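Visitor: If you scroll down you'll find the structure; I have some questions about it.
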Amino acid sequence: MSTLFTINTCKTFGCRNLGRPTSSDYSWPDYRLGYPALHCRACGSYPPLFDEQKYSEWLSAHLTSYAAERGLFCPVCYCKETICYGHNPQGTQRIQCRACKKVWTPKQQLRREMVSPERIETVSLIVPFQGNSAEQKLYVLLSFDATRGNILHLSTNFTQHQIGETLHYRWRGNIEPDLHHSDIVKRVDMRETQFLRRSQFDEIQYGSAVLKRNAKGAILRPVIAAHGHFRVLNILFPEVKTHVISHECFLRGATITAWAELFRQRQSELWFIEEDISDSDDNKPWSFQGTTYHGWWKNQWQLWIQEKNRKMVCSLAGGDNSNAQTLSLAASRLYIHWLYKQTTFTHSAQLSAGRVTQILHSLAQSYNYERTVTHSGD
Ligand SMILES: [Zn+2]
Ligand SMILES: [Zn+2]
641 MSTLFTINTC
651 KTFGCRNLGR
661 PTSSDYSWPD
671 YRLGYPALHC
681 RACGSYPPLF
691 DEQKYSEWLS
701 AHLTSYAAER
711 GLFCPVCYCK
721 ETICYGHNPQ
731 GTQRIQCRAC
741 KKVWTPKQQL
751 RREMVSPERI
761 ETVSLIVPFQ
771 GNSAEQKLYV
781 LLSFDATRGN
791 ILHLSTNFTQ
801 HQIGETLHYR
811 WRGNIEPDLH
821 HSDIVKRVDM
831 RETQFLRRSQ
841 FDEIQYGSAV
851 LKRNAKGAIL
861 RPVIAAHGHF
871 RVLNILFPEV
881 KTHVISHECF
891 LRGATITAWA
901 ELFRQRQSEL
911 WFIEEDISDS
921 DDNKPWSFQG
931 TTYHGWWKNQ
941 WQLWIQEKNR
951 KMVCSLAGGD
961 NSNAQTLSLA
971 ASRLYIHWLY
981 KQTTFTHSAQ
991 LSAGRVTQIL
1001 HSLAQSYNYE
1011 RTVTHSGD
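Numbering (the numbering used here), first residue to last: 641 to 1018.
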């Protein structure tokens, strides 16, 4: 049974049901935590339930349009095995799926295979757009090849597709404040407290995001956008050894669900990371300072120091502790620094959510292109 559309599942690392769509250990809906949840008796967890049907409808539309546009996998069966299949009358390359024989012409001709990353680094970013009023906010997810530094995939929570009510982001007027505590250990702890204050762990309130009146499309709950984001990445790169994610609990859930099979076989690692970098050129070795435990799940975090720099890392799944030292969010830091120097981006706050999404995509392409040009020269 394909688990491509599975979202209501146990998300506990080490549980035999991780990522499984059905199990005799499941019962639902369970309201013990105040929201409808799936109860997994094998590990005792209560992951929140989603509207699986609406999610599947949205995800299949999302995967199909992504594939039709880029040609990296089939828009019908999502198979990656494709062959070049002549050209259309305008001279653009057509592609055929080896599995279902579907023939299509991707809008973007970038079939050059991306190199499979060993380590994927994923962070979120909030960017402004013009909606019903100024200063509306989009939730953006960026994934990088942590070694090569290029962007592998980018999503915003704007979708051009029709979505059910249950997938809509609802702003309730109370933003989670940015955490500026100078002590990184305290900051990790405060962040965990923020998760607990949410109506449910995955229900982030990141700001208002009302589209222009009569605008096409919709704003997704960030947790839904995250599941869609990692599903695309998982089709592109089914084998990833290490995932590094910024400190957000639903990024954990979405990553572990998308690669559940690898995590069940303990073939993959997943880490949270929080950084305080004042000198990014420092190459001295990191030194381990000790461990602390934080949050509802009592996760173990390690504190590492490199002169003025600090980082906290937390293994969420199968982490080999000797890797902790090498983990960072360096690829995303470099990109975000670059992004804020691009005037098309800094001037985009007056544009619609759909337009800002397009601009982010084209900037990501330019960034990747710049990197290949510079790198082939050295
Ligand atoms: Zn479980
Ligand atoms: Zn196909």
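We treat Cβ as the ideally placed atom computed from N, Cα and C, and that holds for glycine. On a predicted model such as this, the values are computed, not experimentally measured, just so you know.
1. Considering Q942, what are the terminal residues of the beta strand (DSSP E) in which it resides?
2. Taking 6 Å as the cut-off, does the CB of A900 come closer than this to any heavy atom belonging to ligand 1?
3. Once you ignore the five residues that flank R734 on each side, which residues in its own chain have a CB closer than 8 Å to its CB?
4. Apart from the five residues just before and just after F841, which ones in its own chain have a Cβ nearer than 6 Å to its Cβ?
5. S918: which of L902, S822, H1001 and Y933 sits nearest, CA to CA?
6. Looking at C-beta atoms only, is the number of pairs between the stretch 841-854 and the stretch 805-812 that lie closer than 8 Å three or more?
7. Skipping 5 residues on each side, what residues in its chain have a beta carbon closer than 8 Å to that of Q770?
8. Quick check: the stretch 703-712 against the stretch 670-681, are at least 3 beta-carbon pairs closer than 8 Å?
9. CB of N648 to nearest heavy atom of ligand 1: below 6 Å?
10. Considering just the uninterrupted stretch of the beta strand (DSSP E) at I885, what are its terminal residues?
11. Should Q693 be labelled buried (16 or more other beta-carbon atoms within 10 Å of its own) or exposed?
12. Quick check on DSSP: helix, strand or coil for P669?
13. What whole-angstrom Cβ distance do L782 and V767 have, given they're in contact under 8 Å?
14. Under three-state DSSP, which class holds V996?
15. Is C655 close to ligand 2? I mean its beta-carbon at under 6 Å from any heavy atom of the ligand.
16. For a quick check, are the C-beta atoms of H934 and E914 less than 7 Å apart?
Guide: A quick look at the data gives this:
1. N939 to Q946
2. no
3. C724, Y725, G726, H727, N728, V743, W744 and T745
4. F835 and C889
5. S822
6. yes
7. Q776, K852, A989, Q990, L991 and S992
8. No, the stretch 670-681 is not in contact with the stretch 703-712.
9. Outside the cutoff, so no.
10. T882 to S886
11. exposed
12. strand
13. With 8 Å as the limit, L782 and V767 do not qualify as a contact, their Cβ atoms being about 11 Å apart.
14. helix
15. With a cutoff of 6 Å, C655 does not count as near ligand 2, since its C-beta is closer than that to no heavy atom of the ligand.
16. no
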